[in-house]
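Protein chains in written order, with the working numbering: chain D, 4 to 307; chain C, 143 to 404.
Everything below concerns the one structure shown next.
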């Protein structure tokens with residue numbers, strides 16, 4: 004630095020004292036400059052960006068379907084027309100059985116999922132935090148995730164019989180590993196800085212788990228829950244299709260199986276659509292908003 | 143960590159210092175390849191004193207701060223502080239799932255402040271760092287400088303006699319950093335907290351401290367200390383600050399040059 008004595012505003016000479024009001028004003032200015040809020044997206048824009056594309060896709064599928072039927076690519080007993088499936092919907096609605104089918108399955112699915120939540124959460128937490136437990140059952144838990152839960156239906160029927168308990172057993176075996184694994188990976192991804200900050204604040208042991216680890220792991224946990232729901236629903240449908248019995252009542256899986264035995268392809272289609280719609284609806288109405296809210300409140304996603 | 147807290151509690155309350163670092167060494171690694179990071183550091187921080195710990199990278203200054211904070215154990219020597227010190231990091235380390243105000247309230251809650259008092263106390267602390275309106279703000283809605291001020295408020299919420307700061311302003315732009323120097327000086331003078339502040343920025347060290355401690359690198363040893371008698375509030379551009387910075391920089395460069403010789 005050879006040129007230190009070239010002419011320069013004598014900032015150093017102005018002295019140290021600055022009125023306290025000046026500092027407050029300066030700070031307020033900096034704060035205002037650096038924290039501009041994002042603009043709100045208008046509703047019309049959201050509709051065009053988010054609603055229009057999927058609606059278009061569905062309409063397109065229906066049109067192609069109707070065209071295939073009109074072109075007689077397959078006989079009617081193999082490929083019913085959209086109108087015939089819709090007729091099946093209105094029939095079931097008029098007989099008052101439609102909501103019954105849906106509710107029988109949804110009730111089982113949700114109850115089974117809640118049970119899986121109650122079991123999977125503490126299990127995941129223990130696996131994530133206790134090293135010997137993790138070494139012992141961690142690999143089994145992730146392995147179980149790749150085992151299709153349909154495989155559990157035959158043993159469950161033999162052990163528990165054809166009843167609701169067997170259905171719940173299959174749901175649990177499908178969903179608990181997903182939920183536990185989601186929490187484990189959520190805990191693993193907690194930035195070490197939060198743990199150190201928590202410890203300096205005095206959040207150790209259970210208090211650390213409650214105040215720091217759990218909230219920090221929430222995004223991963225939610226992803227696990229979402230997957231756990233998908234697994235619950237799939238396992239349940241598999242169980243309902245394979246294990247039908249008059250005592251069990253008619254859920255969506257049985258409806259599909261009944262359609263097959265009655266050679267009513269429109270009923271099979273109806274059942275498939277209802278299964279799909281329930282799966283999408285739970286995700287869309289519950290998990291997605293929850294996940295978005297969590298991520299957005301942490302600034303992890305901006306409005307897109 | 144628990145044992146160092148016990149150690150702190152053993153100390154009689156009428157201590158003459160906010161922190162006493164007594165012949166502390168720290169080595170990492172196994173017996174085969176031990177690396178000495180800190181070698182026989184002895185350093186006291188008096189109550190209400192502002193000390194900056196200065197050194198090049200690899201001098202172990204952050205390690206030393208971690209030891210004082212009780213996040214790690216020294217290999218030899220003892221550290222005593224009158225209770226759990228508060229610690230501020232280079233990253234704000236605020237919890238993103240809580241608002242600014244709730245971050246502070248969590249610190250109060252963990253300290254044992256009863257629920258009805260927390261809100262008022264959190265708002266008072268936010269006022270202290272001049273962020274009165276930020277109680278309900280999420281962390282990501284705040285600028286870098288505001289986050290560090292909330293982090294400072296949260297550290298102060300621990301009501302420790304000792305505040306440890308690990309390069310807290312290193313990631314900020316120069317204008318904001320300058321303002322926060324003024325702010326920290328003001329808060330330090332308004333409270334009776336002692337501060338041990340780690341930095342690699344010589345001017346920052348001189349701007350802030352009553353005493354600057356220079357650490358040598360690999361292993362970290364106390365190389366020299368300077369008393370800074372320039373009256374506060376100072377400015378980083380003050381001729382006195384510049385002159386002392388120059389002197390310290392020369393010494394620091396000498397320390398660094400030593401490593402090039404072997």
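Glycine included, every Cβ here is placed at the ideal spot set by N, Cα and C.
Would DSSP call residue i helix, strand or coil?
i              : result
residue 217(C) : coil
residue 309(C) : coil
residue 337(C) : strand
residue 74(D)  : coil
residue 301(C) : coil
residue 141(C) : Examination of residue 141(C) is not possible in this model, given that chain C is present from 143 through 404 alone.
residue 324(C) : helix
residue 237(C) : coil
residue 165(C) : strand
residue 3(D)   : Not covered by the structure: residue 3(D). The range shown for chain D is 4 to 307.
residue 10(D)  : Residue confidence for residue 10(D) is low, a pLDDT of 39 falling below 50, so the modelled location carries little weight; the figure read from the coordinates is stated next. Coil.
residue 187(C) : strand
residue 269(D) : helix
residue 410(C) : In the structure as shown, chain C starts at 143 and stops at 404, and residue 410(C) therefore has no counterpart that could be examined.
residue 194(C) : strand
residue 207(D) : coil
residue 280(C) : strand
residue 222(C) : strand
residue 16(D)  : Any answer about residue 16(D) is weak, because its pLDDT of 38 lies below 50 and its placement is not dependable; what the coordinates show is given next. Here residue 16(D) sits in helix by DSSP.
Whole-angstrom Cβ separation of residue i and residue j, contact assumed at under 8 Å?
i              : j              : result
residue 193(C) : residue 339(C) : 7 Å
residue 273(D) : residue 62(D)  : About 19 Å; that fails the 8 Å criterion.
residue 91(D)  : residue 269(D) : 5 Å
residue 189(D) : residue 146(D) : Contact doesn't hold; Cβ gap of about 19 Å is too wide.
residue 175(D) : residue 262(D) : Actually they do not touch by this definition, with Cβ atoms about 28 Å apart.
residue 187(D) : residue 122(D) : The pair is not a contact, with the Cβ atoms about 14 Å apart (cut-off 8 Å).
residue 279(C) : residue 242(C) : 5 Å
residue 228(C) : residue 322(C) : About 17 Å separates the two Cβ atoms, so there is no contact after all.
residue 240(C) : residue 199(D) : With 8 Å as the limit, residue 240(C) and residue 199(D) do not qualify as a contact, their Cβ atoms being about 17 Å apart.
residue 313(D) : residue 107(D) : Absent from the model: residue 313(D). The displayed extent of chain D is 4 to 307, so no value can be given.
residue 231(D) : residue 131(D) : Actually they do not touch by this definition, with Cβ atoms about 16 Å apart.
Going along the chain, which residues of its own chain have a beta-carbon closer than 7 Å to the beta-carbon of residue i, five neighbours each way excluded?
i              : result
residue 299(D) : none
residue 267(C) : 246, 295, 298 and 299
residue 259(D) : 244, 271, 274 and 275
residue 260(C) : 247, 250 and 251
residue 185(C) : 163, 355 and 364
residue 215(D) : 197, 198, 201 and 206
residue 366(C) : 356 and 393
residue 177(C) : 169, 170 and 171
Tell me which residues share the same chain as residue i and place their Cβ nearer than 6 Å to its Cβ, disregarding the 5 neighbours each side in the sequence.
i              : result
residue 230(C) : 293, 297, 307 and 310
residue 363(C) : 181
residue 257(D) : 243 and 247
residue 192(D) : 223
residue 158(C) : none
residue 405(C) : The first residue shown for chain C is 143 and the last is 404, placing residue 405(C) beyond what the model contains.
residue 99(D)  : none
residue 237(C) : 245
residue 197(C) : 203 and 357
residue 211(D) : 201
Once the 5 residues before and after residue i are set aside, which same chain residues still bring their CB inside 8 Å of it?
i              : result
residue 284(D) : none
residue 293(D) : 225
residue 81(D)  : 268
residue 384(C) : 345
Going along chain A, which residues have a C-beta under 7 Å from residue i?
i              : result
residue 318(C) : Although the question refers to chain A, the structure presented lacks it and instead comprises the protein chains D and C.
Alpha helix (DSSP H) runs wholly inside the stretch 329-383 of chain C, at least 4 long, in chain order: 344-350
Contact list for the stretch 200-231 of chain D against chain C, Cβ threshold 9 Å: Only those residues of the stretch 200-231 of chain D whose C-beta falls short of 9 Å from the nearest C-beta of chain C are listed: 200, 201, 202, 203, 204, 205, 206, 207, 210, 214, 215, 218, 219 and 221.
Residue ranges of each beta strand (DSSP E) within the stretch 40-119 of chain D, 3 or longer: none
Near-chain D residues of the stretch 158-186 of chain C (beta-carbon distance less than 7 Å), N- to C-terminal order: none
Contact residues within the stretch 157-175 of chain D, judged by C-beta distance below 9 Å to chain C: From the stretch 157-175 of chain D, no residue has a Cβ closer than 9 Å to chain C.
Near-chain D residues of the stretch 230-251 of chain C - C-beta to any C-beta below 7 Å: Taking 7 Å as the Cβ-Cβ cut-off against chain D, the residues of the stretch 230-251 of chain C that qualify are 231, 233, 235, 237, 238, 239, 248 and 249.
Under 9 Å (Cβ pairs) to chain C, residues found in the stretch 117-136 of chain D: none
Positions along the stretch 300-314 of chain C whose CB lies within less than 8 Å of some CB in chain D: 300
Residues, ordered as in the chain, of the stretch 279-295 of chain C that lie near chain D by beta-carbon distance below 8 Å: 280, 281, 282, 283, 284, 285, 286, 287 and 288
Contiguous alpha helix (DSSP H) assignments of at least 4 residues, all confined to the stretch 129-176 of chain D: 134-148 and 156-163
Residues from the stretch 342-353 of chain C in contact with chain D, defined by Cβ distance under 7 Å: Those would be none; no residue qualifies.
Against chain C: residues of the stretch 99-119 of chain D by CB proximity under 9 Å: For chain C, none of the residues of the stretch 99-119 of chain D brings a beta carbon within less than 9 Å of one of its beta carbons.
Contacting positions in the stretch 201-215 of chain C - beta carbon closer than 9 Å to chain D: Taking 9 Å as the cut-off between beta carbons, the residues of the stretch 201-215 of chain C near chain D are 208, 211, 212 and 213, in sequence order.
Members of the stretch 255-279 of chain C near chain D, C-beta cut-off 7 Å: When CB distances to chain D are screened at a threshold of 7 Å, the residues of the stretch 255-279 of chain C falling below it are 272, in chain order.
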